[in-house]
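Residue numbers (the working numbering), protein chains in the order written: chain A, 1303 to 1654; chain B, 5 to 534; chain C, 27 to 332.
All residues carry an ideal CB built from backbone N, CA and C; glycine is no exception.
Following: one structure in structure tokens, then a few remarks.
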Amino acid sequence: MKTDKRFEILRTGVAIGVALLIGFIVTCLVSEAPLKAFGYFLRGPFTTTRRFAAFLEAAIPLTFTGLAISLVFSAGQFNLGAEGQFFIGAVAATAAGIYLDLPPVIHTLVCLLAGIAAGAVAGFIPGILKAKWNASELVSSLMLNYVFLKLGMYLVTYHMRDQSVGALVSLPLKETSLLTQFIPNTRIHTGVFILLITVLFCYYYLFRTSQGYEVRMTGQNIEFARYSGIPVLSVILSVQVLAGAIAGLGGAVEMLGIYKRFQWLASPGYGFDGVIVATLAKNNPALVPVTALFLAYLRVGADVMAIYSDVSAEMVAIIQAVIILLVTAEAFLSGYRRRMLLREVKQSASAS
Amino acid sequence: MEGGKESQREGPILLMEGITKIYPTGLVANSNVTFEVREGEIHALVGENGAGKTTLMKVLFGLEKHDAGNIFVKGEQVNITSPRQAIGHGIGMVHQHFMLAPSLTVAENIVLGQEPRKGIWFDQKKAAETCIDLGKKYGLEVDPYAKIADVPVGVKQRVEILKALLRGSEILVLDEPTAVLTPQETVELFAALKALKEGGHTIIFISHKLAEVKEISDRVTVMRSGRVVGTRNTEEISIRDLSNMMVGRDVELELPRPKMSAEDRREVRLLVKDLKYVRDNKDVLKDINLQVKSGEIVGIAGIEGNGQAELVEILTGLCECHEGTIQICGEDATEKKPGEIRELGLSHIPQDRMTFGVAAEASVAENLISTRYNKPPISNGFLLNLKAIFATCLDLINKFEIKANDPKQPVNTLSGGNIQKVVVAREFSTDPEVIIANQPTRGIDIGASESIHKYLVNATENGAAVLLISADLSEVMGLSNRLLVMYEGRIVAHFPDAEAVTEEELGLYMLGVKHQEPDEIVASLMGEAG
Amino acid sequence: MQALLRAILSPSFAASILRVTTPILFAALGAVVADLSGVVNIALEGTMLFSAFTGVAVSAFTQSAWLGLLAAVGVGALVGLTLAYSHLKLGTDAVLAGIALNLLAAEGTVFLLYVVAGDKGVSSSLPSKVLPDWHIPVIKEIPVLGAILGKQNALTYMSLIAVVLVYLFLFKTSFGLRLRAVGENPDAADSVGISVHRVQFVALAISGALAGMGGAHLSMGYVSWFSRNMTSGRGFIALAAETLGYRHPVGVFLASLLFGFADALSNYMQSLRVPGEFVQMIPYLLTLVALTIYSGRQRKGRRSSK
């Protein structure tokens, strides 16, 4: 087992190394001063306080969707609906933020609950379709992403739009609904604490509660779970609802923490980023913030590189793609793993 | 006629000599097996489950690699490492699970891999003609344009045979071909096999059904426990002798049968009435009546595939489609789900350990608590108590002598015997009222088997009612207080005193040679209820 | 309402349906080929994007629209092969690999766009070429049909031809037969000597090439430039069309038309101040319903046979 863990760390490390190397090669191909550009990329978030803050801010939504995805993946459900759940959660929080009149903290909480509820409903649909009719949650969640995107855009465009502004944005959210940005000169907001609670909740839920145990066993071997008496269909349903709620909460937190108005014209893509985050974290909620920070670091580093060099920030996409492909590739370095295992077997044989 | 064929060629068409196959788990599936088939004969290969027939044929077809021994086809030594090579040597195999693509037509499946073409196009007409010609030639007529998904099992099998013939198979292996067929389809199959034989083909016919073996084969080879017991001319051996060769206890185990007087076993814990299960218009289970009382082990003997697996799935709630009633501890369990049935006090050792028994990549601890994860002390209904889990698991690991270094170790790093002990530890430690043990010691070493037998008997003496399903006669005869025999989905015999039965007699029932009258069985079963 | 009906029934509206259907149809055909071989191609979205960019870049560089198209198709096939390599050789899950490729395409094309055009939004600074409209002489004279089918982009005609070609390929060639056998029962195919991986490699290359045609239509037929994320989910819509069309080229053609209809209608309705969003939702909701009915029936069938 130790070998397995060591091997996973090694494989992730090598994958990151290879990805960075490829990124560097690409930089060399397009840049006049590749060393300088890549240098900015590597230490970008550490160049100014503002950038460091941006790096932390960027990790917040990634962590939420990463948590949502890691829950459904733990149950063996390929639900990619975090994208739509996050979006509709943000829309719901926006509506509650614009139209309700409530005292400060309560208003925020109600907005968050609205996001949670919207996300939960969005997670419920693929869940129930799978549990009742065995419809592939992969396809249904992809379809629903568009449904919720369109629904959200409709609500914003026709019901919440601020007509006095030229661009398509919503009316401003009431001051009472917003999360406080508590560090001067940054946009780091109190949503961070909600995030930490959610991380702890997900970790404890998955590894310390009976329900989490049901989820993991269903994901590991659904026949075994059924045989053991675990109600697998209700597990499949409830985990998707819970994941939807978390993604929806993420959308609400992002909305209330960073923005004053709803201003997305397309889905911001955090759902699919969540897949990267969860995959790198091996679906472990405790590791999700770490991998989210890692991804945020790459993104902000790339932005900084783009400012100071002739290389555009999107170079980071290459690095991300290579990392995912290699980290999830079972055959990648598997020969090395076999040798490691052999060595371990030999050692334990000679030790006993 | 055999003599005539033999004189054309010196020696047999197929000789497998000294074949030994040991699986990585340490299971010896074939031990120095020598198997000889003459050209133009139908050669039956018989034996109980686990006797090594299928392994031997897998070696022949290149699906398994043998550890020792040689294979000769037409006198030449051959090296077969893949089905493709086997086909190249003129060996064709009809598997129990058909190798067909359901949405393609009969003709398309038959010619797949060597399709007739017209330029770049697939020549549908030519393919159909090929099938019709081939079918006519061998008396295996099929509708070339029918979709595989729409044709009955018998036709699918015919398609498989035609596939092999099209590829020039001279030696045709059929693995339990009649298991899936209706009697009418069996008649048609036999006619076709006889025609093939007339045409000079050699057929290896794997079966359990001795009447069929007697009807169709020229010679018969009997295997038991990975060895060949002998080869006989079919004409010269009676079904009874064949059955004795096939079914026998390899070791007369002195097993500790639960010692309880009939008076002590009073309470009926498991009661099944008129259970019936139909699949694909075939009766998989019919008229099943049985009861198991506290303090006794009731064994179900029988060749595998006679409905035992389905019976267990229904009793444990894994399969819902059936008629009849089931009671566990006096409560109706007919419509209940697996979890609810467990709540009534049922434990289940499943036949397929790695599919149902464990989550292979989860830890030993996670596998040990899967039936009590929401009950104290493991959980207060919401939170898991890690300390209690650890303590419970250490306790179980010690009590059941599981060789594991650490409860956190993934269960698939243990040996087969220890994985089974994990299952047994979990199922036996919840003080079950009813235990259903399906092939509890299959494929595991003797040491682990012995402990599992010991636990079964202990649990029974502590008051559990045990239904033991096993294809291993030593086990089922040695442990049971009462014995039932299943054949073709029915209970064909009930022996109220398992000690008084001989294996020869049991074999006759298991192989369908004899059966008790249904009324008699029900009477004796219900008489036991007292 | 009447105005709307009249508009919908007009030939020019029908022509616009065909136009917006083209890229979806190509990608959906690609989805069919991949799926029938047993691999889900989630990377269609990214494939189209890569090809849309490549078509523009190469046509600008060579000053030939046709070379641009060729390059777009080639790149599409290459993306398909990359998916095949990571899934079949490296053992990455096909869905995860597909997501990785989509993310790579979404930002990678912007990166490349910046390299060649110095802009991160649109490629209008590149002198890229557009694939020509074709006029079909005889059809053009027929009253209603002429207005619909008489003059369309070359790729729109090709997409209609592709429906037929893909159908013939899958159901009338021996390779197509093998491909379907591999997708349905790889063991069966393997046991008669067919190399399962080789067939799937080819299938994914074809799948990618078809999606590449769709991508080329976006940037060289529908409009004359590449813009970031211009596929806007058409690759996923194609997956929906594939499901809705029961994995058959003709069914998929009809399903794609439905998506095209909804798309064209929503464009039109927006101009009438009717929320287009609801109309745009219809195909997705339809797919959900179709998927559920289809899966429910499958499950029932499996249960009774069990």
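Exercise. What number of angstroms, rounded off, separates the C-alpha of GLU339 (chain B) from the C-alpha of GLY321 (chain B)?
Worked result: 8 Å
Exercise. Any beta-carbon of chain C closer than 8 Å to the one on LEU315 (chain B)?
Worked result: no
For this session: Could you confirm whether any beta carbon from chain B is found closer than 8 Å to the beta carbon of ALA235 (chain C)?
Result: no
For this session: Give the C-beta separation of LEU319 (chain B) and VAL296 (chain B) to the nearest angstrom, bearing in mind that I take them to be a contact with Cβ-Cβ under 8 Å.
Result: The distance from the Cβ of LEU319 (chain B) to that of VAL296 (chain B) is about 10 Å, inconsistent with a contact at the 8 Å cut-off.
Exercise. Rounded to whole angstroms, how far is the Cβ of THR1367 (chain A) from the Cβ of GLY1576 (chain A), which I believe are closer than 8 Å?
Worked result: 3 Å
Exercise. Just curious, the beta strand (DSSP E) that ARG430 (chain B) is in, first and last residue?
Worked result: In the DSSP annotation of this structure, ARG430 (chain B) is not part of any beta strand (DSSP E); the continuous alpha helix (DSSP H) holding it starts and ends at 420-432.
Exercise. Helix, strand or coil for ASN293 (chain C) per DSSP?
Worked result: helix
Exercise. What residue does the beta strand (DSSP E) around MET1617 (chain A) start on, and which one ends it?
Worked result: Counting along the chain, MET1617 (chain A) falls outside any beta strand (DSSP E), though it belongs to the alpha helix (DSSP H) covering 1617-1629.
Exercise. Taking C-alpha atoms, which residue in A:ILE1548, A:ILE1418, A:VAL1579 and A:ALA1398 lies nearest to LEU1475 (chain A)?
Worked result: A:ALA1398
Exercise. Would you say GLY349 (chain B) faces chain A, with C-beta separation under 8 Å as the test?
Worked result: no
Exercise. Which whole-angstrom value describes the C-beta separation of LEU114 (chain C) and PHE227 (chain C), a residue pair presumed to lie in contact below a C-beta threshold of 8 Å?
Worked result: 7 Å
For this session: Answer with buried or exposed for MET530 (chain B), where buried requires no fewer than 16 other C-beta atoms within 10 angstroms of its C-beta.
Result: The residue in question, MET530 (chain B), is exposed, as its Cβ has fewer than 16 Cβ neighbours within 10 Å.
Problem set entry | Exposed unless 16 or more other CB atoms sit within 10 angstroms - verdict on PHE285 (chain C) | buried
Problem set entry | the ligand FAD heavy atom lying under 7 Å from the CB of GLY234 (chain B) | Summarising the ligand content, the structure contains no ligands, and the ligand FAD is consequently not present.
For this session: Grab the span of the beta strand (DSSP E) containing SER150 (chain C) for me, first residue to last.
Result: Counting along the chain, SER150 (chain C) falls outside any beta strand (DSSP E), and DSSP gives it neither H nor E.
For this session: List the residues of chain C whose Cβ lies closer than 9 Å to the Cβ of TYR1448 (chain A), in chain order.
Result: By Cβ distance, chain C contributes GLY259, PHE262, ILE263, ALA266, GLN306, MET307, PRO309 and TYR310.
For this session: Check each candidate in A:VAL1332, A:LEU1446, A:PHE1340 and A:ILE1362 and name the one with the smallest Cα separation from LEU1382 (chain A).
Result: A:LEU1446
For this session: Could you confirm whether any beta carbon from chain B is found closer than 8 Å to the beta carbon of VAL218 (chain C)?
Result: yes
Problem set entry | Whole alpha helix (DSSP H) elements within the stretch 308-348 of chain B, 4-residue minimum | 312-319 and 342-347
For this session: Write down every uninterrupted run of the beta strand (DSSP E) in the stretch 114-188 of chain B whose length is 3 residues or greater and which is fully enclosed by it, in chain order.
Result: 175-179
Exercise. Does the beta carbon of PHE126 (chain B) come closer than 8 Å to any beta carbon on chain C?
Worked result: yes
Exercise. Straight-line CA distance for ALA337 (chain B) to PHE76 (chain B)?
Worked result: 56 Å
Problem set entry | Neighbour flag for SER107 (chain B) against chain C, beta carbons, 8 Å | yes
For this session: On the DSSP bridge assignment, give the partners of MET20 (chain B) in chain order.
Result: MET20 (chain B) pairs with B:PHE39 and B:ILE75.
For this session: Could you pull out every residue in the same chain whose Cβ sits closer than 6 Å to the Cβ of LYS407 (chain B), ignoring the five residues on either side in sequence?
Result: ASN422
Exercise. Does the beta carbon of LEU1635 (chain A) come closer than 8 Å to any beta carbon on chain C?
Worked result: no
Exercise. DSSP three-state call for LEU67 (chain B): helix, strand or coil?
Worked result: When DSSP states are grouped into helix, strand and coil, LEU67 (chain B) belongs to the coil group.
For this session: Name the two residues that bound the continuous beta strand (DSSP E) containing MET97 (chain B).
Result: 95-98
Exercise. Where does TYR248 (chain C) fall in DSSP's three states?
Worked result: helix
Exercise. Span of the alpha helix (DSSP H) holding LYS115 (chain C)?
Worked result: Note, LYS115 (chain C): premise wrong, no alpha helix (DSSP H); not H, not E.
For this session: Going by CA-CA distance only, name the one from B:GLU300, B:MET249 and B:PRO260 that's closest to VAL272 (chain B).
Result: B:GLU300
For this session: May I have the straight-line CA-CA distance separating GLY534 (chain B) from ARG270 (chain B), to the nearest angstrom?
Result: Because GLY534 (chain B) sits at a pLDDT of 39, beneath the cut-off of 50, its placement in the model cannot be relied upon, and the following sentence gives the value as read from the coordinates. Going from the Cα of GLY534 (chain B) to the Cα of ARG270 (chain B) covers about 8 Å.
For this session: Answer yes or no: do THR80 (chain C) and HIS243 (chain C) have a C-beta to C-beta separation smaller than 8 Å?
Result: Annotated as distal: THR80 (chain C) and HIS243 (chain C), with beta-carbon spacing of 8 Å or more.
Exercise. Quick one: is SER1540 (chain A) near chain C, going by C-beta distance under 8 Å?
Worked result: Taking Cβ atoms only, chain C never reaches closer than 8 Å to SER1540 (chain A), which makes this a no.
Exercise. When you check each C-beta in the stretch 365-378 of chain B against every C-beta of chain A, which residues fall closer than 9 Å?
Worked result: GLU365, ALA366, SER367, GLU370, ASN371, ILE373, SER374, THR375, TYR377 and ASN378
For this session: Please compile the residues from chain A whose C-beta is within a distance smaller than 8 Å of the C-beta of TYR140 (chain C).
Result: The contacting residues are SER1614 and GLU1616.
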